[in-house]
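Structure, as structure tokens:
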Amino acid sequence: MLSLNNKKIILAVSGGIAAYKSALLLRLLIKQGARVQVVMTESAKEFVAPLTFQALSGEIVRSDLFDSAAEAGMGHIELAQWADLMIIAPATANTLAKITHGLADNLLTALCLTSKAPLLIAPAMNQQMWNNTTTQENVTKLSKKQSIFLCGPALGEQACGDSGYGRMEEPQKILQQGIKILENQTISSGLLKDRHILITAGPTIEDIDPVRYVTNRSSGKMGYAIAQAAINEGARVSLVSGPVCIEQPQKVEFYSIRSARQMHETVLKIVASADVFIATAAVADYRPASKRIQKLKKNSENLTIELIKNPDILADVAALANKPVTIGFAAETNDIEAYAIDKLKRKNLDMIAANQVGDAKGFEKDDNELYLFWHKDNEIQSKKLPLADKQILAKQLIEEIALSFTQDINIL
Ligand code: C5P
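Those letters in the sequence shown? Residues 36 to 447, by this note's numbering.
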């Protein structure tokens, strides 16, 4: 099936040279099965003729807020309600500013106020305009909104000859993000609406000297997938992550850390407002007793590095008087059940998710299987989530957590 089959999309074009790339975006949307209504600002028409978009979409291009012919057919309020997704590409600095402040002086901006559909914005402007503090303040404000998503701008050469951030993202990328937004929307049932979920992910890095370190194998994929799944269910998500090579989910409050001690400090600062804490991070259990300022020289045949224990973040959260629902992960090479249950009890957890790791399993892979253990009525309950893509597993885990624990939490 086409990924946008019968999805209704408003493609709004504002006045920048990148408007010509929106014709390609329109083609891609239509190829994926979408029905697209193009809306243009007056200045957009200076760059591309409406007839181009009309020919590609098969629909009259809309521009005027007070277009009596159009209002007789589909009025602008109806148009706003019709859409499953609105994309603004390109979005100029002027249009971004208007949306931020709720202006509605043309059809595009009025639709932004009227539509409940998610809004995907692809900014495009001169790099100086993009870097301007006012534009940056506007973008920061917009990106905090639950239903607004930003794509780009990209880095590179600009039509004006400058170079920097300001190029409109490539149409293929905008298309992919639009598909992702709609997919996430359809799978959400708002199970974690108004909940605050705190998640740790990725490895921690413990420096030996400026070039060597101790770490654990971890891609961060499971933790990031859980963060995305929680966002899809309407949660506010704080993600405290060690260095990884994957893209952070949009809408998370992101905290980048390096060492276990930094992760510990950050988690304890945020945890008071969390309803649920999920520790997926592969925290290094030990760190070098001291970090050398200069690179160690290989002067001897043997080298001994003294390691000292890192704080146990999960155990410290579980020991708090006002602890959130606390969920740990256990990556084991053998005896999964026995080790997982021991950890559940020893660390005073509400649930533990265990998985087998080894050369062919767990690490860096896109799929996994999980064994869940939790207490209920003085007994240990268990459930197996069979081998599946980490994104599917994350959704199943979030549903289990939401149904088993968060129903009883009072929201302040
Ligand atoms: O004790 P162990 O490392 O096997 O426990 C694994 C669980 O504890 C994981 O959820 C991991 O994120 C968490 N953990 C932690 N701080 C540590 C070590 C592990 O939060 N220092």
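Backbone N, C-alpha and C fix where the C-beta goes; we use that ideal spot for every residue, glycine too.
The beta-bridge partner set that DSSP reports for residue 414 consists of 411.
Short note on residue 378: C-beta closer than 7 Å to some heavy atom of the ligand C5P. Close CB contacts of residue 134 within its chain, under the 7 Å cut and outside five residues either way in sequence, are with 144, 147 and 177 (chain order).
Collapsing the DSSP output to three states places residue 252 in coil.
Counting only residues of its own chain and dropping the five nearest sequence neighbours on each side, residue 434 has a CB closer than 7 Å to the CB of 226.
Residue 218 sits exposed, since fewer than 16 C-beta atoms from the chains shown fall within 10 Å of its C-beta. For residue 241, there is no enclosing alpha helix (DSSP H); the enclosing beta strand (DSSP E) covers residues 240-242. As computed with DSSP, residue 274 is found in a beta bridge with 234 and 289.
The distance from the Cβ of residue 125 to that of residue 75 is about 11 Å, inconsistent with a contact at the 8 Å cut-off. Burial is judged here by how many other beta carbons sit within 10 angstroms of a residue's own beta carbon; residue 328 has fewer than 16 and is exposed. Cβ-Cβ separation between residue 92 and residue 49: approximately 17 Å, too far for a contact (criterion under 8 Å).
Residue 211 and residue 335 have their C-alpha atoms roughly 54 Å apart.
In this model, residue 82 and residue 320 are separated by some 59 Å (Cα to Cα).
The region 348-366 makes no contact with the region 282-294: fewer than 3 CB pairs, one atom from each, lie closer than 8 Å. Per DSSP, residue 361 is one residue of the beta strand (DSSP E) stretching across 360-367.
Remark: C-beta atoms of residue 51 and residue 127 approach each other more closely than 8 Å. By the C-beta density criterion, residue 213 is buried, having at least 16 other C-beta atoms within 10 angstroms. Put simply, the region 57-69 does not touch the region 96-107. Fewer than three CB pairs are less than 8 Å apart. Contact residues of the ligand C5P (beta-carbon closer than 5 Å to any heavy atom; chain order) are 314, 316, 318, 345, 347, 348, 349, 363 and 364.
Ranked by how close their Cα comes to the Cα of residue 269, the residues 155, 338, 42 and 180 have 180 in first place.
Pairwise C-beta distances place the region 309-318 in contact with the region 339-359, as three or more of them are shorter than 8 Å. Boundaries of the beta strand (DSSP E) harbouring residue 46: 43-48, taken from the DSSP string. Taking the Cα positions, residue 322 is about 50 Å away from residue 130.
In this model, residue 275 and residue 355 are separated by some 19 Å (Cα to Cα). Around the CB of residue 150, 16 or more other CB atoms lie within 10 Å, so the residue is classed as buried. By the criterion of a C-beta distance shorter than 7 Å, residue 206 is surrounded in its chain by 56, 59, 60 and 63, once the five residues flanking it on both sides are discounted.
Short of 8 Å from the beta carbon of residue 216, and not among the five residues preceding or following it, lie these beta carbons of its own chain, in chain order: 120, 153, 155 and 184.
The three-state reading of DSSP puts residue 62 in helix, counting H, G and I together. When DSSP states are grouped into helix, strand and coil, residue 267 belongs to the helix group. For the pair of segments examined, the region 294-313 was found to touch the region 232-239: the number of CB pairs separated by less than 8 Å reaches three.
Residue 158 is classed as buried because its beta carbon has at least 16 other beta carbons within 10 Å across all chains shown. DSSP places residue 344 in the uninterrupted beta strand (DSSP E) bounded by 342-344.
Here residue 420 carries a strand assignment [DSSP, helix/strand/coil]. Judged by DSSP secondary structure, residue 305 falls within the alpha helix (DSSP H) whose first and last residues are 295-305. With 16 or more other CB atoms across the displayed protein chains lying within 10 angstroms of its CB, residue 272 is buried.
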